[in-house]
């Protein structure tokens, strides 16, 4: 048996032992019976699953719409921050203010201020849909975060790439489009996916506006049954989405690391 195989076996065994100890401690605790009754009721789990899963479709819809807007909007914001020269200083300053502002305000406050504030203006052309303003709020906040990820990717491209492109006759816009941005986007795909895992979870915050998404439906079911098992249902649904995304992110990171190592060896 190799040292690597032995190490893996020891790690797996220690993990199993640790989980077994934790399980024994929890199940033999004085309050385990009450905890099991109020959080792990299989009947309530089964009865509430369909309603919460139906409401969860709204979370997925919000996530997909917001993500489709955030990706290009954040890239545009990052490009604006990278514009050179004093003539573009006002644009760069506005981009910096936007990113700092929406990264500094908690997402739930943005959702509350826009969701309740904008419809109260009673202007005919302003949408009154809470779902709409929930999506707008998430787009505003996550565009600020994702733009920083893009900007880090742009800054990571070696300056010699831009110099080489300019020596070939490309202007700044063409250099960004054909040389800098493609490399930057490829490098930041893993952290982008991490941000979108956070976005998927934050769709639950839209429920604070009264929108019946998964978490709001969970609260309704908890109030109706006086049992907290529906929270486990909602957690199951969110985990079913986020864990595959997390593993896909890990795979991309591992693939990128292998490609870098192969490039160095070549």
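Numbering (this note's numbering), first residue to last: 30 to 295. Even for Gly, the Cβ is constructed at its ideal location relative to N, Cα and C. Note that the structure is predicted; figures quoted are calculated from it, not measured.
For my contact list, residue 225 and residue 233 are in at a C-beta cut-off of 8 Å; report their separation, rounded to the angstrom.
-> Locating residue 225 in the chain shown gives position 196, counting from the first residue. Locating residue 233 in the chain shown gives position 204, counting from the first residue. 15 Å between Cβ atoms; not a contact.
Distance CB(residue 176)-CB(residue 253) smaller than 7 Å | Numbered from its first residue, the chain shown carries residue 176 at position 147. Numbered from its first residue, the chain shown carries residue 253 at position 224. Here residue 176 is not near residue 253, since their CB atoms are 7 Å or more apart.
Please report how far the alpha carbon of residue 73 lies from the alpha carbon of residue 103, in whole angstroms.
-> Sequence index remark: in the chain shown, residue 73 carries index 44 (1-based). Sequence index remark: in the chain shown, residue 103 carries index 74 (1-based). The straight-line gap from Cα to Cα measures roughly 42 Å.
Do residue 143 and residue 162 have their CB atoms nearer than 7 Å?
-> Numbered from 1 along the chain shown, position 114 holds the residue referred to as residue 143. Numbered from 1 along the chain shown, position 133 holds the residue referred to as residue 162. Cβ atoms of residue 143 and residue 162: closer than 7 Å.
By Cβ distance, which residues of its chain are closer than 8 Å to residue 240, with the 5 residues on each side in sequence left out?
-> Start at 1 with the first residue of the chain shown, and residue 240 comes out as number 211. Counting only Cβ-Cβ distances below 8 Å, and skipping sequence neighbours, we find 87, 159, 160, 163.
Within the 7 Å Cβ cut-off, does residue 185 reach chain D?
-> Note that chain D does not occur in the displayed structure, where there is just one protein chain.
How would you write the range of the alpha helix (DSSP H) that residue 155 sits in, first residue to last?
-> For the purposes of this step, residue 155 is identified with residue 126 of the chain shown, where counting begins at 1. Per DSSP, residue 155 belongs to no alpha helix (DSSP H) and is neither H nor E.
Just checking my contact of residue 207 with residue 199 at CB under 8 Å: how many whole Å lie between their CB atoms?
-> Taking the chain shown and counting its residues from 1, the one referred to as residue 207 is at position 178. Taking the chain shown and counting its residues from 1, the one referred to as residue 199 is at position 170. The Cβ separation is near 7 Å, so the contact holds.
In angstroms with no decimal places, state the Cα-to-Cα distance between residue 209 and residue 281.
-> Taking the first residue of the chain shown as 1, we reach residue 209 at position 180. Taking the first residue of the chain shown as 1, we reach residue 281 at position 252. Computed Cα separation, rounded: 20 Å.
Assign residue 69 to one of three DSSP states: helix, strand, or coil.
-> Here residue 69 refers to the residue found at position 40 when the chain shown is read from its first residue. Coil.
Quick one: what does DSSP say residue 134 is sitting in, helix, strand or coil?
-> To locate residue 134, count along the chain shown from 1; it is residue 105. Three-state result, residue 134: coil.
Local Cβ density within 10 Å of residue 91, reported as buried at 16 or more and exposed below that | By 1-based counting over the chain shown, the position of residue 91 is 62. When all chains shown are included, residue 91 counts as buried.
Which full runs of the alpha helix (DSSP H) of 4+ residues lie inside the segment 187-252, going along the chain?
-> For the segment 187-252, whole alpha helix (DSSP H) runs of length 4 or above, ordered along the chain, are 188-196, 201-204, 210-216, 218-231.
Own chain, CB closer than 6 Å to residue 154, minus 5 neighbours either side, in chain order = Position 125 of the chain shown, counted from the first residue, corresponds to residue 154. So the list is empty, once near-sequence residues are dropped.
Straight-line CA distance for residue 165 to residue 156?
-> Numbered from its first residue, the chain shown carries residue 165 at position 136. Numbered from its first residue, the chain shown carries residue 156 at position 127. Approximately 11 Å, taken between the alpha carbons.
Going straight from the alpha carbon of residue 248 to that of residue 139, what length do you get?
-> Here residue 248 refers to the residue found at position 219 when the chain shown is read from its first residue. Here residue 139 refers to the residue found at position 110 when the chain shown is read from its first residue. Note on geometry: alpha-carbon atoms of residue 248 and residue 139 lie some 22 Å from one another.
When DSSP labels each residue in this structure, what does residue 151 get in the three-state scheme?
-> If you number the chain shown from 1, residue 151 lands on position 122. When secondary structure is reduced to three states using DSSP, residue 151 falls in the coil class, being assigned neither helix nor strand.
Classify residue 35 as helix, strand or coil using the three-state DSSP reduction.
-> Translated into positions along the chain shown, residue 35 becomes position 6. If DSSP states are grouped into helix, strand and coil, residue 35 belongs with the helices.
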